[in-house]
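Notes to accompany the following structure.
There are 4 protein chains.
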Amino acid sequence: MNSPLRVAMIGNGFMGATHSQGWRTAPRVFDLDLQPEMAVMVGRNPEKNAQLAAKWGWAEASEDFEAVLSRDDIDVIDIVTPGDLHHDMAIAALRAGKHVLCEKPLANTVEQAQEMADAAATARANGIVAMVGFTYRRVPAVAFARQLVERGAVGQIRQVRAQYLQDWLADPGSPLTWRLDKSKAGSGALGDIGAHAVDLAQFVTGLNLTEVSGVMETFVKERPVLAEGQGLSGSAGTETGPVTVDDYAAFHGRFDSGALGLFEATRFATGRKNALRLEVSGDKGSLAFDFEDMNVIEYYDATAPSTEQGFRRIFVTEAEHPYLEAWWPPGHGLGYEHGFSHQVRDLVQAIAAGEQATPTFDDGYQVQRVLDAVERSSARGSAWTATQ
Amino acid sequence: MNSPLRVAMIGNGFMGATHSQGWRTAPRVFDLDLQPEMAVMVGRNPEKNAQLAAKWGWAEASEDFEAVLSRDDIDVIDIVTPGDLHHDMAIAALRAGKHVLCEKPLANTVEQAQEMADAAATARANGIVAMVGFTYRRVPAVAFARQLVERGAVGQIRQVRAQYLQDWLADPGSPLTWRLDKSKAGSGALGDIGAHAVDLAQFVTGLNLTEVSGVMETFVKERPVLAEGQGLSGSAGTETGPVTVDDYAAFHGRFDSGALGLFEATRFATGRKNALRLEVSGDKGSLAFDFEDMNVIEYYDATAPSTEQGFRRIFVTEAEHPYLEAWWPPGHGLGYEHGFSHQVRDLVQAIAAGEQATPTFDDGYQVQRVLDAVERSSARGSAWTATQ
Amino acid sequence: MNSPLRVAMIGNGFMGATHSQGWRTAPRVFDLDLQPEMAVMVGRNPEKNAQLAAKWGWAEASEDFEAVLSRDDIDVIDIVTPGDLHHDMAIAALRAGKHVLCEKPLANTVEQAQEMADAAATARANGIVAMVGFTYRRVPAVAFARQLVERGAVGQIRQVRAQYLQDWLADPGSPLTWRLDKSKAGSGALGDIGAHAVDLAQFVTGLNLTEVSGVMETFVKERPVLAEGQGLSGSAGTETGPVTVDDYAAFHGRFDSGALGLFEATRFATGRKNALRLEVSGDKGSLAFDFEDMNVIEYYDATAPSTEQGFRRIFVTEAEHPYLEAWWPPGHGLGYEHGFSHQVRDLVQAIAAGEQATPTFDDGYQVQRVLDAVERSSARGSAWTATQ
Amino acid sequence: MNSPLRVAMIGNGFMGATHSQGWRTAPRVFDLDLQPEMAVMVGRNPEKNAQLAAKWGWAEASEDFEAVLSRDDIDVIDIVTPGDLHHDMAIAALRAGKHVLCEKPLANTVEQAQEMADAAATARANGIVAMVGFTYRRVPAVAFARQLVERGAVGQIRQVRAQYLQDWLADPGSPLTWRLDKSKAGSGALGDIGAHAVDLAQFVTGLNLTEVSGVMETFVKERPVLAEGQGLSGSAGTETGPVTVDDYAAFHGRFDSGALGLFEATRFATGRKNALRLEVSGDKGSLAFDFEDMNVIEYYDATAPSTEQGFRRIFVTEAEHPYLEAWWPPGHGLGYEHGFSHQVRDLVQAIAAGEQATPTFDDGYQVQRVLDAVERSSARGSAWTATQ
């Protein structure tokens with residue numbers, strides 16, 4: 013029997029549900045070197061928290077983050093609160109000697125992100141693992157795309173196109189939620205979904221963005237105040253309030269290799285529900301991914317005979333593909349939440365091996381610098397702005 | 013707290029893994045009226061069985077089916093053994109007053125299936141629920157397709173095309189497995205995957221096949237004997253043995269409404285990994301589904317203005333779509349094994365409500381009659397053969 | 013300046029328009045060794061014929077086939093009349109020493125087709141070229157598919173799926189046209205569009221069908237009598253009349269190599285407008301074509317590394333692809349009628365070279381034997397029926 | 013018999029071939045109110061010009077533009093020379109009282125374009141028609157997209173994405189051609205293909221771009237000197253020379269309505285051959301087009317019931333679709349060069365009716381202003397730059 017790894021999860025919204033699914037499922041599917049235990053879930057509202065903790069499989073419910081942090085029998089703190097709480101919680105947890113998994117964005121400001129990265133570096137010296145939750149890296153098709161780039165399948169990368177397209181704000185009557193409130197969410201389309209596009213592009217290419225020229229927009233500036241409910245939905249009332257975050261952001265970016273990128277994050281792409289897309293073009297080939305068809309990578313081999321070149325639709329469900337050895341036979345696709353099980357697998361195995369897990373807080377900090385540079389560029393009339 | 017519903021699962025192969033995932037996940041995602049408990053898993057090999065039971069989350073492991081059947085604290089028997097064992101186990105379980113979930117095909121012969129359907133009818137009078145595991149009905153896109161047909165979206169159905177295309181036997185060097193041995197598997201492509209195509213077509217259209225004209229073929233008649241391993245994979249040895257089941261089956265079918273169907277089940281469709289496909293054409297519209305793109309239904313509305321008609325790619329991930337109220341926001345696709353969680357939801361809710369669950373053993377028996385008629389037709393030079 | 017090749021076209025319906033486009037365009041795009049001249053167009057209705065001849069670019073109009081046949085200054089007879097006239101016209105033309113291009117189906121009966129093939133063989137000895145108009149062979153993507161099969165890209169072919177799906181009869185109110193009258197059209201879906209699917213499958217695979225088991229159906233047996241107009245459209249009146257041809261045909265077929273084929277021709281596939289499709293599956297790879305995406309071949313290479321296999325969407329518009337050297341840069345797709353220009357090119361070049369052109373009348377006869385066997389099989393309860 | 017409309021075409025490169033196809037085909041397919049006559053083709057090289065004129069169907073060949081301009085029997089001047097010659101030729105032709113069709117881009121500088129637009133306005137007062145050759149407007153799917161926007165199908169447009177993706181420069185070894193020489197081509201990816209994306213977006217939306225923030229790049233700055241040949245291909249020699257135009261351009265644009273656009277023109281999108289793409293997102297729906305699938309519009313109706321929304325793949329081949337009344341039955345797709353026949357149809361009909369034809373020289377001038385603003389913005393560090 014493996015040693016236990018006792019986990020406390022802080023927060024119980026949408027990401028609480030997905031992380032719970034990950035903690036519950038990973039040890040049932042993968043062979044892990046430590047045995048995760050869902051020890052305690054922390055939330056503000058006692059009743060709701062207790063109910064969800066029981067439903068999602070956490071042994072205990074608590075409203076006291078500090079108390080949980082001081083317990084010796086907790087090894088991992090999994091932070092799934094809104095972004096404005098990440099900084100304080102993650103640093104406190106690292107200082108308390110806990111391994112930390114922190115949802116993205118790492119923080120709501122680049123300064124906070126830097127402090128968190130510094131704290132993670134300090135903790136790392138003590139064998140503490142810190143990871144940021146860019147789970148799209150763990151979609152098998154994305155992980156496989158990274159392998160293709162690493163083996164040289166696309167050659168020298170010239171350009172990158174990354175998009176995260178949604179449409180849930182296209183209707184001017186859809187309500188204000190905390191995600192449209194800058195004081196809580198920090199940023200809108202840029203920080204919430206653009207962050208994924210940035211991390212995805214940097215991860216798959218292995219390149220970092222060094223400067224950007226960006227545009228941010230709020231198409232609909234007033235929306236109905238939310239009567240009740242939270243998250244992405246909720247019924248709208250009759251009063252309106254201001255949208256204080258962007259609902260559209262796009263930018264040109266230059267990578268450290270000289271390659272150019274074109275990025276777009278929007279909630280007005282009518283008909284696109286969750287189209288996180290990436291296309292990487294090189295002199296030997298290219299790759300394309302769309303999360304709306306998440307089990308597929310399209311790969312174009314420009315070194316094939318000219319009459320036989322074409323985008324190849326690779327169904328990433330073979331046992332030899334990343335993470336697939338533990339799942340189903342070829343052709344049996346995975347879904348959105350599998351990335352959270354893969355995240356647990358990789359975090360647990362890193363802790364067991366005493367190794368760093370990726371994406372690191374430095375990776376999260378790098379994304380934050382890019383987002384911050386986009387904001388500053390947008391405020392300066394799209395002037396090119398360094399990410400450092 | 014809901015009353016418990018204690019489950020014993022018999023078998024621990026590929027279907028054991030998927031059913032375990034369903035039992036484990038359904039109560040964490042859906043609000044159920046009974047609380048399933050994974051009480052005991054039954055298998056032949058004590059060591060393997062104990063190891064997998066622990067991994068998959070079963071409280072106990074046992075090698076004694078009869079003993080488990082006699083326990084008062086077991087409410088549901090979930091049968092995931094090879095098809096030759098279904099008949100005896102399911103009837104014994106029903107007679108012992110247990111609710112039964114039985115993997116498809118219901119049995120290896122039509123006579124056995126009939127006896128099982130009769131046993132289920134008898135048990136039904138005592139409040140016992142029996143369900144057969146055609147989980148593809150519970151892919152949200154498929155359940156939604158059924159709703160579209162029910163609301164008249166396709167009008168009078170004229171023709172149906174159903175295919176289950178795989179390619180894992182296209183290589184003549186791939187090994188003999190139990191699925192290629194008639195004594196164990198009962199049938200090959202026809203019974204294993206063609207059964208799904210038949211059930212899918214009958215379910216979505218609401219029509220039953222009454223006669224068929226079929227062809228069965230074994231393209232590769234000798235294959236390397238499997239050195240070790242099981243299921244769908246395994247390394248091949250140097251000896252060869254006979255393939256005693258079909259690796260290709262296709263048939264014309266006539267439905268009770270007069271509509272015609274064209275069915276194909278094959279393991280030689282090179283490049284098609286798990287393409288369970290259905291197209292239903294009516295005088296008002298049509299529907300198309302492909303499991304390789306499982307979160308999508310294509311719907312053609314022939315009553316729209318002629319210039320604006322087109323196959324509409326509906327991403328079946330809205331909260332109002334079947335089963336989706338409990339999962340993720342729009343655009344976050346589900347995977348293969350979600351059907352098993354949905355199956356558990358529907359079975360548990362039916363038991364709680366004292367209602368029949370579908371697909372019933374009668375549905376399984378109807379599929380078996382079709383498969384049997386195809387075999388008889390094939391043996392009679394493709395002569396049209398009644399399913400009754 | 014090249015020697016002229018003087019052409020008379022018999023008929024002026026839909027196929028008259030496409031053939032005219034072919035004769036007019038081919039010498040403007042390709043470098044031909046003879047210079048086609050559009051000498052005379054023959055039709056029954058003097059006014060309509062003269063008007064269309066002028067519009068389409070024919071130097072003269074005539075209502076007298078016999079007179080045209082006797083002219084020394086006519087080298088080629090291009091027959092685009094309904095199928096019941098092909099036999100007499102083609103044989104008369106061949107006997108008159110004219111090269112003949114005859115639209116498909118070669119004839120309305122297998123006996124007529126055989127006599128035509130015999131007449132072509134006799135004429136061939138005198139240097140006369142006879143060709144049947146299966147123009148889909150000359151879609152570049154199809155011609156390229158044949159090249160792929162010839163170079164072994166799919167290996168040993170195991171199974172073939174060929175479909176020709178249309179939907180213009182799905183509405184029970186669409187009118188009777190000559191194509192629904194057996195005395196004129198000879199056959200319905202089977203002969204009109206199924207013929208294309210048969211020729212396509214035999215051409216691309218290089219295999220011939222030797223026996224079939226078929227089903228033919230007329231879903232809608234009475235339709236409104238056509239008030240006026242012709243061809244595929246026309247406004248419907250209030251009387252109804254009997255549909256005397258099939259509107260759906262499907263069959264299993266066995267090729268001379270032992271491979272199996274599944275064929276379907278229908279005018280009830282709601283939403284499918286002109287979906288002539290072919291999929292060829294072998295042990296080394298597979299190919300798929302759909303005329304609704306006519307510039308593309310999908311090719312699956314089963315010899316690639318397992319993680320990198322996938323259907324490759326080859327855009328068949330490179331200069332090295334068949335017929336493309338004379339057209340536009342890569343990515344500039346061709347349309348339906350280009351096949352008719354390619355047909356003219358190949359016919360003219362064969363005549364110039366004194367060589368046989370394909371598809372020959374023997375090829376047309378072979379298709380006719382298959383169609384005839386399907387009809388006989390259908391009449392015999394789908395019993396397997398030899399094509400010879 | 014209609015009155016003749018005598019045409020002189022100036023230039024004989026790639027666009028000469030496509031325009032010839034248009035002049036030759038349009039009167040054979042459409043019913044036109046004037047009868048175009050292909051009178052004379054003008055080129056520099058007498059031998060090549062005479063050979064191509066004969067092949068393409070021009071009655072005469074000439075090397076003397078001035079002489080042709082002075083002929084009374086010429087009604088239309090069709091200019092298909094490189095962009096640096098457009099200005100002088102078009103103005104001279106308009107002053108000579110000829111109708112003018114001028115290939116895009118209208119000119120190589122915005123000043124020239126303005127002078128041409130002024131000249132066209134003057135000529136217009138005398139009943140002279142001037143048209144610029146943005147033929148993609150005449151792809152039926154694009155013309156239909158415009159109709160959908162006009163009828164309000166997408167509602168208020170929020171954002172637009174327009175791309176023109178090619179890959180023929182992705183190989184650093186592909187040679188220098190005149191299109192890479194700024195003195196001849198004026199611009200690179202931006203002017204050659206970006207111009208199409210700009211016109212397409214403005215045409216379909218009915219909106220004009222008022223300011224832009226752009227980036228231009230030359231990824232490969234030296235290429236092998238072209239030994240011989242011209243146009244898009246040619247064999248490369250051993251010397252290299254400088255690429256003096258952009259091979260990548262991208263920009264943010266703001267429309268007069270406040271909508272935002274994201275534009276990209278590139279020759280480094282490996283695997284994309286001629287992907288002119290447009291997506292228009294509004295609060296009632298959206299539209300997507302890709303020239304690589306040119307007979308299709310994807311339309312998303314956001315006013316449909318939430319469970320039944322989806323991108324609808326409309327096959328734009330119905331008789332009621334733009335330009336289709338004269339072509340083939342539904343499902344028989346058109347190709348690239350059909351746009352040139354449609355252009356001839358619309359130009360001839362406008363001349364016959366004494367009406368203005370679109371796109372006008374003003375439309376061409378507007379595109380030129382956008383391209384010029386992108387160049388200026390790029391030179392100013394992507395600062396937002398007005399198009400006026």
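Protein chains in written order, with the working numbering: chain A, 13 to 400; chain B, 13 to 400; chain C, 13 to 400; chain D, 13 to 400.
Note that the Cβ used here is the ideal one computed from N, Cα and C, for glycine as well.
Check: Contained alpha helix (DSSP H) runs [length at least 4] in the segment 116-150 of chain B, N- to C-terminal order; Outcome: 122-136
Check: Backbone secondary structure at residue 90 of chain D - three-state DSSP; Outcome: strand
Check: Cross-strand partners of residue 172 of chain C (DSSP beta bridge); Outcome: C/273, C/292
Check: Contact the segment 44-54 of chain B vs the segment 74-81 of chain B: 3+ CB pairs below 8 angstroms; Outcome: yes
Check: Pick from C/224, C/83, C/23 that is closest to residue 271 of chain C, judged by C-alpha positions; Outcome: C/224
Check: Proximal residues of chain C, C-beta to C-beta of residue 227 of chain B below 8 angstroms; Outcome: 225, 264, 272
Check: Three-way DSSP call (helix, strand, coil) for residue 50 of chain B in this model; Outcome: strand
Check: 8 angstroms Cβ cutoff, residue 241 of chain D in contact with chain A; Outcome: Caution applies to residue 241 of chain D, whose pLDDT of 49 falls short of 50 and renders its modelled position unreliable; the model cannot decide the point.
Check: Per-residue contacts from residue 326 of chain C into chain A (C-beta, under 8 angstroms); Outcome: 319, 320, 321, 322
Check: Start-to-end residues for the alpha helix (DSSP H) that takes in residue 78 of chain C; Outcome: 77-81
Check: Within 9 angstroms of chain B by C-beta, residues of the segment 31-51 of chain A in sequence order; Outcome: 32, 33, 36, 37, 39, 40, 41, 43
Check: C-beta atoms of residue 397 of chain C and residue 385 of chain C nearer than 8 angstroms; Outcome: yes
Check: Contact under 8 angstroms by Cβ, residue 264 of chain A with residue 144 of chain D; Outcome: no
Check: Beta carbon proximity, residue 21 of chain A to chain B, threshold 8 angstroms; Outcome: no
Check: Test: residue 333 of chain C CB closer than 8 angstroms to a CB of chain A; Outcome: yes
Check: Given residue 169 of chain A as reference, the closest of A/259, A/236, A/295 once Cα atoms are compared; Outcome: A/295
Check: The alpha helix (DSSP H) enclosing residue 211 of chain D, as first and last residue numbers; Outcome: 207-217
Check: Any C-beta of chain D under 8 angstroms from that of residue 148 of chain B; Outcome: no
Check: Bridge partners - residue 326 of chain B, DSSP secondary structure assignment; Outcome: B/309
Check: Cβ-based burial, residue 402 of chain A [other Cβ within 10 Å; buried from 16]; Outcome: The structure shown does not extend to residue 402 of chain A, since chain A is modelled only from 13 to 400, so the question has no answer here.
Check: Cut-off 7 angstroms between Cβ atoms - residues of its own chain near residue 288 of chain B, not counting five sequence neighbours on either side; Outcome: 148, 176, 208, 209, 212, 303
Check: Helix, strand or coil at residue 373 of chain A according to DSSP, with G and I counted as helix; Outcome: helix
Check: Helix, strand or coil at residue 200 of chain C according to DSSP, with G and I counted as helix; Outcome: coil
Check: 8 angstroms Cβ cutoff met for residue 349 of chain C and residue 121 of chain C; Outcome: no
Check: Residue 178 of chain B versus residue 102 of chain A - alpha carbon distance; Outcome: 48 angstroms
Check: For residue 264 of chain A, the residue or residues it bridges with in DSSP; Outcome: A/225, A/274
Check: Alpha carbon of residue 274 of chain B to alpha carbon of residue 399 of chain C, nearest angstrom; Outcome: 22 angstroms
Check: Where the segment 268-301 of chain D meets chain G: residues whose CB sits under 8 angstroms from a CB there; Outcome: The question asks about chain G, but that chain is absent: this structure's protein chains are A, B, C and D.
Check: The alpha helix (DSSP H) enclosing residue 2 of chain C, as first and last residue numbers; Outcome: Residue 2 of chain C falls outside the range modelled here, since chain C spans only 13 to 400, and no answer is possible.
Check: Three-state class that DSSP yields for residue 318 of chain B in the structure shown; Outcome: helix
Check: Beta-carbon proximity of residue 301 of chain A to residue 153 of chain A, cut-off 8 angstroms; Outcome: yes
Check: Any C-beta of chain B under 8 angstroms from that of residue 180 of chain C; Outcome: no
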